[in-house]
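One point on numbering: in the numbering used here, the residue at position 230 of the sequence shown is 236, and numbering is uninterrupted. Ideal Cβ placement from N, Cα and C applies to all residues, glycine included. This one's a predicted model, so the numbers in the text were calculated from it and none came from an experiment.
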Amino acid sequence: MPEDHCVGYGREPYRALCADYPGPDVYPRDDFRVEWGPVFHRGRLDGSARVLVIGQDPAQHETVVRRILVGEAGHRVQGLLRKLGFDRSYVLVNAFLYAVYGQGGGNRHRDDPAIAAYRHRWLDALVGEGGVQAVLALGGLAEAAWRSWLETPAGTASDVPFARVTHPTQPESSSGGDPARRAAATAAMLETWNTALTRLRPAITEPDLDGPLEPYGAAFVDGDRRPIPAGDLPAGTPHWMRARSGWAERRGDTVAQKRRTITVTVPAAETA
């Protein structure tokens, strides 16, 4: 059976953007994992995107697949997009082109003009297509990226509805392994997601999916996490990379080893 796949970056201006991206002169090695290369986007680049999602930075799953938001955060965002009415007509970009390295690296470079200048070119192109009806920012760094663009000539002309939500994996990162704290943080996060859905859903005039808005409860339930569509990823990506997370980990006995080592584990069922 034929399988869909991302057609890549052959269309302008994205072809030029991928040929002329910033390197270590803009993204310092002390704060970004530039050695793993840039990860540009996920979703539609043909003008059909109705929702723009801004994330933070790529992690190990994204580094392997070369598309953003494909790990646990991506599966949760895919469910959020579905509740907003979309299973295809969206596009996702990050505040940072490279994975942040070290605590505080993102905040230190939140307002770097050279980082922003390249990111603004992507936002100019995506919003300039004219089809984006809503913008969703995942966390504070993503919101700062959007508000920075709003101060540009193209941004000042935009009136696209916007909402910020808590980052999808904030409950895990903030709870220190404590289940009760994680549950409370998840409930608080999903409340911000419901608020964003209520704000943005009325602005959507061309959803992919019909039906009433179904808000989140206080915890994730079956169906709230969604697999990454094959059409979002490069041709030949194994289906298990789309359907689950946890298959990529940074490992090493030293800081240097862990920085340069990502292990990929194929699920046992795939080799049985």
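If you follow the alpha helix (DSSP H) that residue i is in, where does it begin and where does it stop?
| i | result |
| --- | --- |
| G61 | Where G61 is concerned, there is no enclosing alpha helix (DSSP H), although the beta strand (DSSP E) it sits in stretches over V57 to G61. |
| E149 | G146 to L156 |
| R21 | Y20 to A25 |
| H81 | E78 to L90 |
| S179 | Q176 to S181 |
| V232 | The displayed chain sequence assigns Arg, not Val, to residue 232. Per DSSP, R232 belongs to no alpha helix (DSSP H) and is neither H nor E. |
| T69 | Q66 to V71 |
| R187 | P185 to L206 |
| T162 | P159 to T162 |
For residue i, count neighbouring C-beta atoms within 10 Å of its own C-beta (all shown protein chains included) and say buried if the count is 16 or more, exposed if not.
| i | result |
| --- | --- |
| D228 | exposed |
| E220 | exposed |
| P177 | buried |
| P208 | exposed |
| H115 | buried |
| L203 | buried |
| H245 | exposed |
| V70 | buried |
| D37 | buried |
| Q263 | exposed |
| V261 | exposed |
| I44 | According to the sequence shown, residue 44 is Pro rather than Ile. Buried: at least 16 other Cβ atoms inside 10 Å. |
Grouping DSSP H, G and I as helix and E and B as strand, with all else coil, what is residue i?
| i | result |
| --- | --- |
| I268 | strand |
| G49 | strand |
| L98 | strand |
| E255 | strand |
| D118 | coil |
| A224 | coil |
| R125 | helix |
| P30 | coil |
| V133 | helix |
| R250 | coil |
| D238 | helix |
| H245 | helix |
| G43 | coil |
| V261 | helix |
| G111 | helix |
| E276 | helix |
Looking at residue j and residue i, is the spacing between their C-beta atoms short of 7 Å?
| i | j | result |
| --- | --- | --- |
| G91 | L144 | no |
| R281 | P174 | Residue 281 is absent from the model: the chain starts at 7 and stops at 278. |
| R48 | L75 | yes |
| L86 | W199 | yes |
| V141 | F168 | yes |
| A160 | Y96 | no |
| D63 | V32 | no |
| E157 | R170 | no |
| Q66 | R257 | no |
| S164 | V133 | yes |
| V166 | V138 | yes |
| T172 | M195 | yes |
| C12 | P240 | yes |
| P34 | Y124 | no |
| D52 | G237 | no |
| D214 | R94 | yes |
| S180 | A193 | no |
| G80 | I268 | no |
| E68 | S251 | no |
| G112 | L147 | yes |
| A131 | P218 | no |
Could you please give me the residues that DSSP links to residue i through a beta bridge?
| i | result |
| --- | --- |
| F38 | V106 |
| L142 | V59 and A169 |
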